[in-house]
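**Q** Can you keep this structure in mind? I'll have questions shortly.
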Amino acid sequence: MKLANLLKRKKYSKVNLKLINTNHFEVKAKINGVKGTFILDTGASNSCIDINLAEKFNLVSEDSETKAAGAGASGMPTKVSENNTLELKEWKYKNFALVLLDLSHVNDALTTHEANEVDGIIGADILQKGKAIIDYGKKELFLKRLIFKY
Numbered sequence: 428m429k430l431a432n433l434l435k436r437k438k439y440s441k442v443n444l445k446l447i448n449t450n451h452f453e454v455k456a457k458i459n460g461v462k463g464t465f466i467l468d469t470g471a472s473n474s475c476i477d478i479n480l481a482e483k484f485n486l487v488s489e490d491s492e493t494k495a496a497g498a499g500a501s502g503m504p505t506k507v508s509e510n511n512t513l514e515l516k517e518w519k520y521k522n523f524a525l526v527l528l529d530l531s532h533v534n535d536a537l538t539t540h541e542a543n544e545v546d547g548i549i550g551a552d553i554l555q556k557g558k559a560i561i562d563y564g565k566k567e568l569f570l571k572r573l574i575f576k577y
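Residue numbers (this note's numbering): 428 to 577.
Now the structure itself:
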């Protein structure tokens, strides 16, 4: 039995990934109903958006005491935005928090490697919430569908 078929029966949603020149996976997603392009980063603890795109994604943010650190940058000021909705194809996560920070260093690295700029990063917080399974060979991400009670 194919992995995709097995996971579909287990109520997982499939999201196609695109391998870019930096050897990262790029993924299309919607934040608060607005389409964007993101890098899938299993090593990023939190999902984040470029701080300059807060208005584009209808984010209401507040200053955060936390300083961001990651590959190529550290000690960057951040903001946090609560109560957002993330959609990756038919997988949807409501009431989700995003970190906002300057991602110019990420986009500079991408353009240096002739890859397109991104709006943000989908990190381990989302991958854990969705009990993610990545099929690297087929460039597919599988996320367990969430059940919401209203």
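Beta carbons: idealized from backbone N, C-alpha and C, even for Gly.
Considering only the alpha carbon of each residue, which of 481, 523, 446, 462 lies closest to residue 509?
**A** That would be 523, whose Cα lies nearest to the Cα of residue 509.
**Q** With DSSP as the reference, identify every bridge partner of residue 461, one or two as the case may be.
**A** Paired residues: 458.
**Q** On the DSSP bridge assignment, give the partners of residue 519 in chain order.
**A** 514.
**Q** To the nearest angstrom, how far is the alpha carbon of residue 537 from that of residue 546?
**A** Each residue's Cα considered, the two are about 12 angstroms apart.
**Q** Taking residue 481 as the reference, which of 453, 470, 461 has the closest Cα?
**A** That would be 461, whose Cα lies nearest to the Cα of residue 481.
**Q** Between which two residues does the alpha helix (DSSP H) containing residue 535 stretch?
**A** Counting along the chain, the alpha helix (DSSP H) containing residue 535 begins and ends at 531 to 539.
**Q** With DSSP run on the structure shown, which of helix, strand or coil describes residue 432?
**A** Residue 432: helix per DSSP, three-state reduction.
**Q** How big is the Cα-Cα spacing for residue 440 and residue 465?
**A** Cα-Cα distance, rounded: 18 angstroms.
**Q** In three-state terms, what does DSSP make of residue 447?
**A** Residue state, collapsed to three classes: coil.
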